[in-house]
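A.B. asks: The sequence shown begins at 8 in the working numbering and counts up by one.
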Amino acid sequence: MNGRLSEEFRGRTKIFAAGVIRLYVKLPKAREEVKVLGKQLLRSGTSVAAHTREASRARSNEEFVSKLGGALQETDESQMWLELLREECGIAPTDTLPMEKEADELMAIMTTMINKTKGKS
C-alpha cells in the first residue's frame, strides 16, 4: 500500500488514464467536434489518476476526501465525454463502452471510500 490507497486501485486509475490516451490517439481529429471532445476527455481522463495519486498522500481525512472527490468529479466528466463521443460523434461503442463501464466502477469505489472516510470523521 502506498499511502491511503492500494497499489491495485492506483494502478487501475492509471490504466484508465492510459486507455484514454490510446483512445485519443485513434480518434478522427479532422472533425472539429471530435477534436474538442477528445481533448476534454484527455484532460479529465488523465486527471483521474493524478487526483488519485494525490489522495493517496493526503495528510488528513478531509484532504483525502477532497482529493478523492476531485478524482470522482474527473471520472464522471470523463464518462460524459465518452458518452458524447459515442452518442453524438459516432465513435464506435466498442471503443467507448468498456471505458464507460470502468468509469462507473471507479466512481462506485471512490464514492464508497469517500463515504466511509466521512463516517470516520
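Note that beta-carbon positions come from the ideal geometry of N, C-alpha and C, so glycine has one too.
From a predicted model like this one, the values you see are computed outputs, not experimental measurements.
By the three-class DSSP mapping on this structure, what secondary structure does Leu89 have?
C.D. replies: The sequence position of residue 89 within the sequence shown is 82, counting from 1. Correct three-state label for Leu89: helix.
A.B. asks: By Cβ distance, which residues of its chain are closer than 7 angstroms to Glu61, with the 5 residues on each side in sequence left out?
C.D. replies: Taking the sequence shown and counting its residues from 1, the one referred to as residue 61 is at position 54. These residues qualify, in order along the chain: Lys74.
A.B. asks: Could you confirm whether any beta carbon from chain C is found closer than 8 angstroms to the beta carbon of Thr53?
C.D. replies: Absent from the structure is chain C; it holds one protein chain and no more.
A.B. asks: Could you name the residues of the same chain whose beta carbon sits closer than 8 angstroms to that of Ile28, not counting the 5 residues immediately before and after it, in chain order?
C.D. replies: The residue given as residue 28 occupies position 21 in the sequence shown. So the list reads Leu49, Gly52 and Thr53, once near-sequence residues are dropped.
A.B. asks: Enumerate in chain order the residues of its own chain whose CB-to-CB distance from Arg17 is below 8 angstroms, with the five nearest sequence positions on each side excluded.
C.D. replies: Position 10 of the sequence shown, counting from 1, holds the residue named residue 17. Cβ within range, chain order: Asn9, Ala56, Thr59, Arg60 and Ser63.
A.B. asks: Cα separation between Pro105 and Ala24?
C.D. replies: Position 98 of the sequence shown, counted from the first residue, corresponds to residue 105. Position 17 of the sequence shown, counted from the first residue, corresponds to residue 24. Taking the straight line joining both Cα atoms gives about 13 angstroms.
A.B. asks: Quick check: what's the CA-CA separation for Lys108 versus Arg66?
C.D. replies: Within the sequence shown, numbered from 1, the residue matching residue 108 stands at position 101. Within the sequence shown, numbered from 1, the residue matching residue 66 stands at position 59. Distance between the alpha carbons of Lys108 and Arg66 is about 31 angstroms.
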